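What follows is a short report on a single structure.
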Ligand code: NDP
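In the working numbering, the protein residues as written are 1 to 485.
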């Protein structure tokens, strides 16, 4: 299988592709067929050393470049990314198996949004003046230095840019390690940034498994770690970063609730639930996989959901007509099938799907369970696949209490036509990202992230600047020093 945009080597360091075939081979598999489409090598210690030293060498002069110039380069990269959206989307579809119908509107495009947004902010990053009578303090907003980004496999280009864009805007250098399952797209992000004029060494990509990520996190020269991954990995990475008192952003997993009240617009609620469960074949951290439906509309909701789900086009993800693709890997498919079996065994009612599809690749049918109860495994654990649990609820207080009864706190949604209830419920949700009468939109202008076990810090928006820069206070005395002796 060939495609025009394939990266030419495993790593991108100091402004160029770099290979070191001493590193362990990692096969890149097209999830729709199971075919090996590329091979990359895990980073050796020598590769990691090159990435870190080139980043350190480049960072200081980048920080000294004006914000306007930094932003100009980033916005140029955003434009190039949009011009190449088709090729980048084809590559992303090969890397992840997500339908081209999705990758062409949600992957490289959202990476471009991040570069454009943070490129625009770069020139606005300033300190403040704090008057103290004659004396005063001024603050400088300074970069952290060397940032490490570690990505999950569901949005490889987006994650590479959501971490890289604010890091670069604030004057940092970054070393990014994609998921071993989807190593390709981040290389193209690096390539485009440097083609747009980014000085060599500022955005490096190294491949590898968790051990490569762990080496980066524990390196004393690294100042900040931003992880997108599961809660168990988050616990390890957070602990390792704490040892070195490093800054962290943790974008972790979820088991988010959607509350659908009797007075909701059923069509909107069904649409939101489809976006919140089956987009990217359910492999989205903020998915609303616990769908609480008020008893009065339960049957109408389930019927309409099943009708609309039946129109999903499952097939070759490169076909623009396809709207539902495979799981990213055989391993993830087996995890999802295991949860489906648990759902059946624990007494949930299978309403739709429930099986692997009889075709090549790692396809699992979009699956709906009804009559799910709060203690069932499928209602408590993150599945990260197309498995939706419908639970019943009676009143608002009951719905909110059960929605919040989870260790996670990434996202939550409410569908209702009662204006005050919508805001009251949103205020009561214990989640970082909430939706009223829609679900799973993540514009770069809005903060995105989780509370409770779902994470620390926020990506996107001006809030991300706080996580990629630090404030220095400078006290300026205008008179004599008043010492006691
Ligand atoms: P994992 O937690 O398995 O891995 C995430 C990344 O961390 C991978 O690059 C992985 O490497 C790396 N890693 C694993 N162990 C370590 C370690 N000890 N030290 C440093 N790095 C390590 O997540 P998945 O890739 O399976 O992604 C799915 C998870 O990501 C889900 O839980 C999902 O909810 C979450 N996610 C959260 C998002 C958010 O914004 N909150 C968005 C998207 C996904 P490798 O796998 O290559 O070995």
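Yeah, the Cβ is synthetic: ideal placement off N, Cα and C, and Gly gets one too.
Note that the structure is a prediction, hence the values are computed from the model and not measured.
Residues in the same chain with beta-carbon distance under 8 angstroms from residue 55, minus the five sequence neighbours each way, listed in chain order, please.
Taking the first residue of the chain shown as position 1, residue 55 is located at position 55. Cβ neighbours of residue 55 beyond the five flanking positions: 146, 173, 174, 175, 201, 202, 204.
Which residue's Cα is closest to the Cα of residue 133: 179, 484, 479, 485?
Looking up residue 133 in the chain shown gives position 133. Of the candidates 179, 484, 479, 485, the one whose C-alpha sits nearest the C-alpha of residue 133 is 479.
Which value, in whole angstroms, describes the spacing of the CA atoms of residue 58 and residue 404?
Taking the first residue of the chain shown as 1, we reach residue 58 at position 58. Taking the first residue of the chain shown as 1, we reach residue 404 at position 404. Going from the Cα of residue 58 to the Cα of residue 404 covers about 45 angstroms.
Nearest to residue 372 (by Cα), restricted to the options 456, 349, 363
By 1-based counting over the chain shown, the position of residue 372 is 372. Residue 372 has its Cα closest to that of 349, out of 456, 349, 363.
For residue 499, verify whether its CB is less than 7 angstroms away from any heavy atom of the ligand NDP.
This structure leaves residue 499 out entirely; the chain is present only between 1 and 485.
Under a three-way DSSP split, which group does residue 455 fall into?
As a first step, residue 455 is located in the chain shown; it is residue number 455 there, counting from the start. If DSSP states are grouped into helix, strand and coil, residue 455 belongs with the strands.
Can you find the residues in the same chain that come closer than 7 angstroms, C-beta to C-beta, to residue 20, ignoring five residues on each side of it along the sequence?
Translated into the one-based positions of the chain shown, residue 20 becomes position 20. Contacts found: 41, 44, 46, 47.
Selection from 432, 464, 408 that minimises the alpha carbon distance to residue 230:
Start at 1 with the first residue of the chain shown, and residue 230 comes out as number 230. Out of 432, 464, 408, 408 has the C-alpha closest to the C-alpha of residue 230.
Just curious, the beta strand (DSSP E) that residue 250 is in, first and last residue?
For this step, residue 250 is matched to residue 250 along the chain shown. 247-251 is the span of the beta strand (DSSP E), which, as asked, contains residue 250.
Which residues in the same chain as residue 1 place their Cβ atom closer than 8 angstroms to its Cβ, once the five residues preceding and following it in sequence are excluded?
The residue given as residue 1 occupies position 1 in the chain shown. Low per-residue confidence applies at residue 1: pLDDT is 43, beneath 50, and the placement is therefore not dependable, though the value from the model is reported in the following sentence. Once the five neighbours on either side are set aside, the close Cβ partners of residue 1 are 30, 35, 37, 94.
DSSP-derived helix/strand/coil call for residue 432:
For the purposes of this step, residue 432 is identified with residue 432 of the chain shown, where counting begins at 1. In this structure, residue 432 counts as coil in the three-state DSSP scheme.
Element boundaries [beta strand (DSSP E), containing residue 143]:
Residue 143 sits at position 143 when you count from the first residue of the chain shown. Looking at the DSSP string, the run of the beta strand (DSSP E) that includes residue 143 is 135-143.
What is the DSSP secondary structure of residue 1, reduced to helix, strand or coil?
Your numbering for residue 1 matches position 1 in the chain shown. Unreliable positioning characterises residue 1 in this predicted model, as indicated by a pLDDT of 43, which lies under 50. The coordinate reading is nonetheless provided below. Looking at residue 1 - three-state DSSP - the assignment turns out to be coil, as it is neither helix nor strand.
Given 8 angstroms as the limit, is there contact between the stretch 135-146 and the stretch 105-123, that is, 3 or more CB pairs closer than that?
No, the stretch 135-146 is not in contact with the stretch 105-123.
Over the uninterrupted beta strand (DSSP E) stretch that includes residue 532, give me the two end residues.
One cannot answer for residue 532 here, as it falls past the ends of the chain, which runs 1 to 485.
Whether residue 181 touches residue 329 by CB criterion (8 angstroms)
Position 181 of the chain shown holds residue 181. Position 329 of the chain shown holds residue 329. The Cβ atoms of residue 181 and residue 329 sit closer than 8 angstroms to each other.
Could you check the C-alpha separation between residue 270 and residue 101 for me, to the nearest Å?
Here residue 270 is taken as the residue at index 270 of the chain shown, counted from 1. Here residue 101 is taken as the residue at index 101 of the chain shown, counted from 1. Cα-Cα distance, rounded: 20 angstroms.
Three-state secondary structure (DSSP) at residue 123?
Within the chain shown, numbered from 1, the residue matching residue 123 stands at position 123. Here residue 123 sits in coil by DSSP.
Distance check for residue 137 and residue 99, CA to CA, integer angstroms please.
Taking the chain shown and counting its residues from 1, the one referred to as residue 99 is at position 99. Taking the chain shown and counting its residues from 1, the one referred to as residue 137 is at position 137. So the two alpha carbons sit approximately 53 angstroms from each other.
Does the beta-carbon of residue 233, which I'm using as the reference point, lie nearer than 7 angstroms to any heavy atom of the ligand NDP?
Position 233 of the chain shown, counted from the start, is the residue given in the question as residue 233. Yes - the ligand NDP has a heavy atom lying nearer than 7 angstroms to the Cβ of residue 233.
Measure the Cβ-Cβ separation of residue 292 and residue 366 and say whether it is below 8 angstroms.
The residue given as residue 292 occupies position 292 in the chain shown. The residue given as residue 366 occupies position 366 in the chain shown. No, the pair does not count as a contact, with Cβ atoms beyond the cut-off.
CB residue 461 to CB residue 254, shorter than 8 angstroms?
Here the question's residue 461 lines up with position 461 in the chain shown. Here the question's residue 254 lines up with position 254 in the chain shown. It is not a contact, given that the beta carbons lie outside the stated cut-off.
Return the residue from the list 483, 484, 475, 468 that minimises the CA-CA distance to residue 122.
Locating residue 122 in the chain shown gives position 122, where the first residue counts as 1. Comparing Cα-Cα distances from residue 122 to each of 483, 484, 475, 468, the minimum goes to 468.
DSSP-derived helix/strand/coil call for residue 272
Along the chain shown, one-based indexing puts residue 272 at 272. In this structure, residue 272 counts as helix in the three-state DSSP scheme.
Is residue 285 a contact residue of the ligand NDP, with contact defined as CB to any heavy atom under 7 angstroms?
The sequence position of residue 285 within the chain shown is 285, counting from 1. Yes, the beta carbon of residue 285 sits closer than 7 angstroms to at least one heavy atom of the ligand NDP.
As a quick exercise: from 472, 246, 232, 393, pick the residue whose alpha carbon is nearest that of residue 128.
Sequence index remark: in the chain shown, residue 128 carries index 128 (1-based). Of the listed residues, the one whose Cα sits closest to residue 128 is 472.
The stretch 408-424 in contact with the stretch 246-263 per 3-pair CB rule at 8 angstroms:
Verdict: yes, contact present.
Might you give, ordered along the chain, the residues of its own chain that have their beta carbon closer than 8 angstroms to the beta carbon of residue 425, omitting 5 neighbours on each side?
On the chain shown, residue 425 is found 425 positions in, with the first residue counted as 1. Non-local C-beta neighbours of residue 425 in its own chain, meaning closer than 8 angstroms and more than five positions away in sequence, comprise 259, 396, 399, 400, 414, 416, ordered along the chain.
Alpha carbon to alpha carbon, how far is residue 393 from residue 272?
For the purposes of this step, residue 393 is taken as residue 393 along the chain shown, with counting starting at 1. For the purposes of this step, residue 272 is taken as residue 272 along the chain shown, with counting starting at 1. Distance between the alpha carbons of residue 393 and residue 272 is about 18 angstroms.
I want to check one thing, is the minimum distance from the CB of residue 410 to the heavy atoms of the ligand NDP below 7 angstroms?
Locating residue 410 in the chain shown gives position 410, where the first residue counts as 1. Answer for residue 410: yes, Cβ within range of the ligand NDP.
With respect to the beta strand (DSSP E) encompassing residue 294, which residues constitute its N-terminal and C-terminal limits?
The count along the chain shown starts at 1 and reaches residue 294 at position 294. Counting along the chain, residue 294 sits inside the beta strand (DSSP E) bounded by residues 290-294.
Would residue 238 be called buried (16 or more neighbouring beta carbons within 10 Å of its own) or exposed?
Looking up residue 238 in the chain shown gives position 238. Per the 10 Å Cβ criterion, buried.
DSSP three-state call for residue 439: helix, strand or coil?
Taking the first residue of the chain shown as position 1, residue 439 is located at position 439. Correct three-state label for residue 439: coil.
Looking at the unbroken beta strand (DSSP E) that takes in residue 231, where does it start and where does it end?
By one-based count along the chain shown, residue 231 stands at place 231. Careful: residue 231 lies outside any beta strand (DSSP E), inside the alpha helix (DSSP H) at 231-243.
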